[in-house]
Ligand SMILES: Cc1cc2nc3c(=O)[nH]c(=O)nc-3n(C[C@H](O)[C@H](O)[C@H](O)COP(=O)(O)OP(=O)(O)OC[C@H]3O[C@@H](n4cnc5c(N)ncnc54)[C@H](O)[C@@H]3O)c2cc1C
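Residue numbers (our numbering), protein chains in the order written: chain A, 143 to 926; chain B, 266 to 560.
Following this line, the structure appears as structure tokens:
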């Protein structure tokens, strides 16, 4: 079961329209809509709501002044860090100054969303425009400030250092210096954000549905904001149509305001984000400028690398500086450098906030390191893979300590891997060594092709913990729950596979619930490729506890030694004597001594039916009724997955169109729970990587207007733009967790920009330093 | 992204439709396939008070081959016309319009009425010298392509008028057509595109060469390149002339310079292809005979 490529059990339901997404719920609820700032930077001088009052069906209009107590305070800064000296967060509704287009200013509640939008359209907000800061250079110049009290627009300044990189570079035989640029993109899930809240006035309790990546933390945040005991707040993540990072941010303004309004109005209130709102009021990622200085020897070994990273974090920093921390640590990839220094300046701009999007800072770091490897190879006239090979950490060097502190506050120690093998497999898969002849044929036909390569290491499964709960009911069904949420990854399948394998039950008997605080209250959330590692292991540990108890109870019933028992196909039996067996469901019945026989099964556990000792309590001290197991998994530190990608691209000599002819992936995420699901994750990741390499960017003009805030102009690729993806695996188990697994969710996206840049550079013969790259960009570069 | 309030009319006859349009005047909008109008409404970029949905007017759901060309009724969807018009240039161009799902709803006439400068069909109608039949309560009129497209998203239709059909003239014998465009993604509106028609005489000499360009001006740009193609060796001059005559705008997807560059390449490609087709012997697939189309 574990390791088999079974098909996703959730798909029939989701693909036939049986999913229950946020907007499928609460049909009768009032609808919220927001008046959002049309200015990137402005002072609010007046709000006139009179026009809205004529709209039949209007229920309420709220501005910041209506928000009481903690509801009106700035949203929390979720991940503080000593280097984030000037963290700033927004008010749920703008208080006096707006700092990006799309910032919510007025909340409208009406009978339905149509009317709410009608009313919102009639509210007049007057603004006094302020100077706008767009773009990293403009922010760094500090001519104008995004926040009056943040000098230089610098939110954080962070240095990561091992050895003395500047000195090592000065002493190196070869030195290169260059600049790299990476544009903004965004998670852009198919389903936007959304919140639906129900207040039960009699019970004084709140139920909130949110399209979130962390229901448990949303619950705590809402409880804190509204002054409710957490026990009176339930948060459920229903089916979620993709997250990719943006839905880990919380509480969003709407996650505070919608429940608050539901309680105040004592009516159900729902807000479902539309696409235009998503573009300007959720979050973006990626934008960085990097200044690289590298010193190396004649074999291409890096003696010192010094990178200055300017990171654009947008108008506020609710998610701290996780992205540039990841960039500056994961930049090292599978390599051991002589010395390393990264200096991050995280800057405010009058643009939408920047929070993790699949890959979370790694694509930028990998772009930097892999571009560096290619430049070294070009400078020394060496093979690009050979230069990489010369710098690799060797298999016998694990655990390998990079000497830095990772995003979880723990040392950056790689647990396991075989990087030379990865390189070899990727080299073979793409046919690196025979590419010369392929190119010769193409050239003879007047075509231009190039080959590219890139490696990455991805810290996955960050702590602090996740938990799992498993229960076998009296019909033999196995109920698995974990607190972290699902956004379509296939958790129903893989968690069921783990439970089925651990317990020896058919997978069809296993039901998985995620992200429902009614079922599991303690959890962190789904991000950082952590679900399988964290909840997967927690569920395995919970199953082992359950199994141990089941065998104990079964041993008594079968008058056998628990060590001689096994479970297969839902039956506990004596090893070597399959006729001596008892179904797990009967064990579940026996685990719960009963007074009342509510059904036929239950009769077997009632007080006159069991032969329990009259001198012992029916439940022994330290025991609990029921066949349940619960456990937590909390790792000392992250586990490090890795991979190598290679691609062959063709660039049209006339039109400058860029086409990917082949794309190859070799991936190592430790033991594979389900290869089909891992490959699906890789496909999706590579597609998003190609999007970021060739299609997607956020076109802000100098006034801070987002010019391409729709799917017409934001060029998310279609299936027609994504090539077939060839995949090979390597499995080096993680020694850090019981299942030996590593995360796989983000891997696909991470090196794609680096690979494509490498291949275009190879085809065109000039340096590629900025991504994404469009045909028009390539056309322009050719003329320079 | 919910439309502002509007009154909805669902006429069943052309007369009812025209009455509703007349009553609505400047406040009325025709709803055909909805593939362009509904997004505009949802984004509140358009706010007509009266929506006249013509989808139940069966008389408009026609596709008729006539001597000299094909008449496309206002309810003929892209996909049907692509399949059944028998007109090579229409078929060549329609393959580039959006995606199959959109072509199943969107109409050819709606696309002309919408008058997007980057759309394929206006350029096709223009290069063929076709026309649009228009009706209102006060009568009918015929608007030639050359005056139908007035500006970006602006046609010559007046309030109260319905475009009833469009007429795409067929190609004469010994002629060839070709269509090529470049879009950022499969099915997107083009960065630049060209529809070309080349006609030959019995000896194989070029008697006419025209192109219709899209995406490079406010309205479809039709250029007569006959002199260049009649003279031997003047092909490069034709390309230079095309680039010179285009007035593309730069936008977030492509600079004006790149669009101009592409236009030249596409003109050269389509002219060569159209010329080759015209020169190749074989059954004249291009002639259209009368009657209703077979589907
Ligand atoms: C994702 C996407 C991609 C697309 N890509 C392309 C593309 O590459 N190329 C392209 O050409 N188009 C493209 N389109 C547009 C598509 O072709 C539309 O269907 C077409 O432009 C309009 O046709 P319609 O029938 O949908 O018109 P509607 O959306 O119903 O109407 C469009 C406009 O025309 C008016 N109108 C429609 N019919 C009449 C009539 N009979 N008389 C008077 N006025 C009328 C309407 O009032 C409205 O103003 C795309 C659309 C989408 C959604």
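By construction, the Cβ of each residue, glycine as well, lies at the ideal position given by its N, Cα and C atoms. Since the model is a prediction, treat every value here as computed from it, not as a measurement.
Run the proximity test for residue i: is its beta-carbon closer than 7 Å to any non-hydrogen atom belonging to ligand 1?
| i | result |
| --- | --- |
| residue 284 of chain B | no |
| residue 331 of chain B | no |
| residue 315 of chain B | no |
| residue 477 of chain B | no |
| residue 327 of chain B | no |
| residue 310 of chain B | no |
| residue 436 of chain B | no |
| residue 372 of chain B | yes |
| residue 379 of chain B | yes |
| residue 343 of chain B | yes |
| residue 376 of chain B | yes |
| residue 339 of chain B | yes |
| residue 272 of chain B | no |
| residue 319 of chain B | yes |
| residue 357 of chain B | no |
| residue 451 of chain B | no |
Is any beta-carbon of chain A found at less than 8 Å from that of residue i?
| i | result |
| --- | --- |
| residue 302 of chain B | no |
| residue 443 of chain B | no |
| residue 553 of chain B | Note that residue 553 of chain B scores a pLDDT of 43, beneath 50, so its modelled location is shaky; the value from the coordinates is reported in the next line. Not one chain A Cβ lies under 8 Å of residue 553 of chain B. |
| residue 519 of chain B | yes |
| residue 495 of chain B | no |
| residue 523 of chain B | yes |
| residue 451 of chain B | yes |
| residue 269 of chain B | yes |
Using CA atoms only, rank isn't needed, just tell me which of the options is closest to residue i.
| i | options | result |
| --- | --- | --- |
| residue 528 of chain A | A/716, A/241, A/468, A/515 | A/515 |
| residue 490 of chain B | B/411, B/532, B/338 | B/532 |
| residue 344 of chain B | B/356, B/496, B/494 | B/356 |
| residue 742 of chain A | A/562, A/617, A/413, A/885 | A/617 |
| residue 500 of chain B | B/523, B/515, B/536 | B/536 |
| residue 546 of chain B | B/449, B/438, B/285 | B/438 |
| residue 476 of chain B | B/469, B/470, B/468, B/485 | B/485 |
| residue 228 of chain A | A/568, A/843, A/490 | A/490 |
| residue 462 of chain A | A/502, A/825, A/241, A/523 | A/502 |
| residue 257 of chain A | A/194, A/274, A/289 | A/194 |
At the 8 Å Cβ level, is residue i part of the contact set with chain B, yes or no?
| i | result |
| --- | --- |
| residue 857 of chain A | yes |
| residue 921 of chain A | yes |
| residue 589 of chain A | no |
| residue 256 of chain A | yes |
| residue 694 of chain A | no |
| residue 849 of chain A | yes |
| residue 924 of chain A | no |
Per DSSP, residue i forms a beta bridge with which residues?
| i | result |
| --- | --- |
| residue 270 of chain A | A/185 |
| residue 450 of chain A | A/433, A/485 |
| residue 432 of chain B | B/336, B/396 |
| residue 293 of chain B | B/315 |
| residue 190 of chain A | A/266 |
| residue 341 of chain A | A/348 |
| residue 288 of chain B | According to DSSP, which records beta bridges pairwise, residue 288 of chain B is partnered with nothing at all. |
| residue 556 of chain A | A/542 |
| residue 927 of chain A | Nothing can be reported for residue 927 of chain A, as the shown portion of chain A is limited to 143 through 926. |
Nearer than 7 Å: is that true of the beta carbon of residue i relative to any heavy atom of ligand 2?
| i | result |
| --- | --- |
| residue 297 of chain B | No copy of ligand 2 appears in this structure; the ligands present are ligand 1. |
Three-pair Cβ contact test at 8 Å for the region 912 to 920 of chain A versus the region 700 to 714 of chain A: With a cut-off of 8 Å, the region 700 to 714 of chain A and the region 912 to 920 of chain A do not count as touching, because too few Cβ pairs lie within range.
Cβ contact check for the region 552 to 566 of chain A and the region 779 to 799 of chain A: 3 or more pairs under 8 Å: Segments in contact, yes.
Three or more C-beta pairs below 8 Å linking the region 376 to 388 of chain A and the region 312 to 326 of chain A: As far as the Cβ criterion goes, the region 376 to 388 of chain A does not touch the region 312 to 326 of chain A, which means the pair count is below three.
The region 266 to 285 of chain A in contact with the region 434 to 454 of chain A per 3-pair CB rule at 8 Å: Yes, the region 266 to 285 of chain A touches the region 434 to 454 of chain A.
Sufficient close CB pairs (3 or more, under 8 Å) joining the region 354 to 365 of chain A to the region 535 to 554 of chain A: Counting Cβ pairs under 8 Å, fewer than three are found: no touch.
Three CB pairs or more closer than 8 Å across the region 802 to 821 of chain A and the region 865 to 878 of chain A: Taking a contact to require three or more Cβ pairs closer than 8 Å, the region 802 to 821 of chain A and the region 865 to 878 of chain A qualify as touching.
Touching by the beta-carbon criterion (3+ pairs, under 8 Å), the region 529 to 536 of chain A and the region 462 to 482 of chain A: Judged by Cβ distances under 8 Å, the region 529 to 536 of chain A makes contact with the region 462 to 482 of chain A, as three or more pairs qualify.
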